[in-house]
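UniProt numbering applies: residue 1 is where the sequence shown begins, and numbers increase by one. Every residue gets a Cβ at the ideal spot worked out from N, C-alpha and C, and that includes glycine.
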Amino acid sequence: MHRTSIYSINQILSNPTHSVPHITLTKLPSKPFFNIHSTSKSPFSSSSSSSSSSSSSSSLQTLTNSQPKPISNPLYRFLPHTSNPNNIVDLICSNLKQPNSQLTLLQKDIKGLLPHLGTHEISRVLLRCQSDSFRALTFFNWVKNEVGFRPTSQNYCIVVHILAWSRNYSQAMKLLSELIESVKDVSPSEDVFEILVVCTEDCNWDPVVFDILVKAYVKAGMIQDGLRAFMKMVKVGFVPSVVAVNCLLNGLLKSDCIDRCWEVYEEMGRIGTPPNSYTFNILTHLLCKDADVDKVNEFLEKMEEEGFDPDLVTYNTSD
């Protein structure tokens with residue numbers, strides 16, 4: 001399976017004529033694909049979509065390039081290996097490679113270096129653990145629970161990418177849920193979607209992570225945030241899975257966002273996400289609330305075109 005380890009989103013946006021694999025999220029085991037060049041107009045797009053896409057790419061590139069670089073003191077080289085702050089990443093990674101990693105014991109060995117363990121060093125360790133999601137998660141939990149360090153949103157997003165790349169979706173969902181709750185309470189201006197995009201510059205990534213983000217928002221009751229994440233996915237060129245879209249539709253339905261439900265459903269057709277029986281079950285509930293005769297007829301015709309029996313779907317729709 002070809003996944004996105006070579007191309008970053010910024011590279012794709014900055015070179016739209018470059019030929020890259022087309023990423024789909026419809027079926028996880030299948031070959032992914034990109035669909036950056038969409039000719040049909042989205043109900044979510046505006047007349048300035050092309051310029052906003054360009055500015056979005058530019059702003060993301062600026063954000064990526066603005067990451068602070070560590071300043072190394074030349075006197076550090078005269079210190080013993082285990083006392084040199086420059087070696088803290090090597091020491092941690094070396095310990096993580098041991099069969100039974102004892103990071104709690106390591107904390108005692110490098111106690112004097114822990115003040116030098118910052119967000120940059122945490123990211124470096126995580127990136128060096130990309131091939132082993134268990135090691136990456138072990139280190140991340142050690143930082144949070146044993147050292148008492150508060151990881152940044154970028155630290156979270158890197159480990160989420162690593163987990164999603166290794167198909168550990170449950171842990172990726174858990175950490176994303178933890179992150180969005182933290183961002184909501186501490187720094188609501190932060191954009192988790194954008195941070196996930198920025199982190200694709202440095203680590204392997206699978207677009208399924210954005211599916212997980214939409215579902216995490218809905219699960220947390222942050223329906224409008226989930227809708228915004230979905231809209232950004234579509235704008236970048238991802239094709240969300242029907243599972244993620246159904247999750248969003250269900251959340252919008254329960255929030256009585258009738259118009260938004262139909263917009264998302266129309267977007268499914270535009271981007272090529274095929275509906276399933278659960279999609280139609282949700283929309284049947286929606287029709288009961290909407291009471292629009294024209295929409296009912298159009299919807300029933302669409303169901304028949306897709307090969308679904310309206311009576312059967314309606315009968316199976318739960319109250």
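SER133 and GLN171 have their C-alpha atoms roughly 10 Å apart. A distance below 8 Å separates the beta carbons of VAL214 and ALA229.
Under the rule that a run must span 4 or more residues, the alpha helix (DSSP H) segments found entirely inside the segment 178-239 read 192-199, 208-219 and 223-236.
Judged by DSSP secondary structure, THR104 falls within the alpha helix (DSSP H) whose first and last residues are 103-109. For the pair THR284 and ILE212, the Cα-to-Cα distance works out to about 25 Å.
With 16 or more neighbouring CB atoms inside 10 Å of its own CB, ARG135 falls in the buried class. Excluding its 5 nearest sequence neighbours in each direction, VAL159 has C-beta neighbours in its own chain below 6 Å: LEU126, ALA136 and PHE140, listed in chain order. For ASP132, there is no enclosing alpha helix (DSSP H), since its DSSP letter is neither H nor E.
Residue environment analysis places LYS254 among the exposed positions, since fewer than 16 neighbouring C-beta atoms fall within 10 angstroms of its C-beta. For ASN86, the three-state secondary structure derived from DSSP is helix.
Of the residues PRO274, MET173, TRP262 and SER277, the one whose Cα lies closest to the Cα of GLU298 is TRP262.
Looking only at VAL239, ILE282, ASP256 and VAL293, the smallest Cα-Cα distance to THR273 is reached by VAL239. Under the 10 Å beta carbon count, GLU181 is surrounded by fewer than 16 other beta carbons and is classified as exposed.
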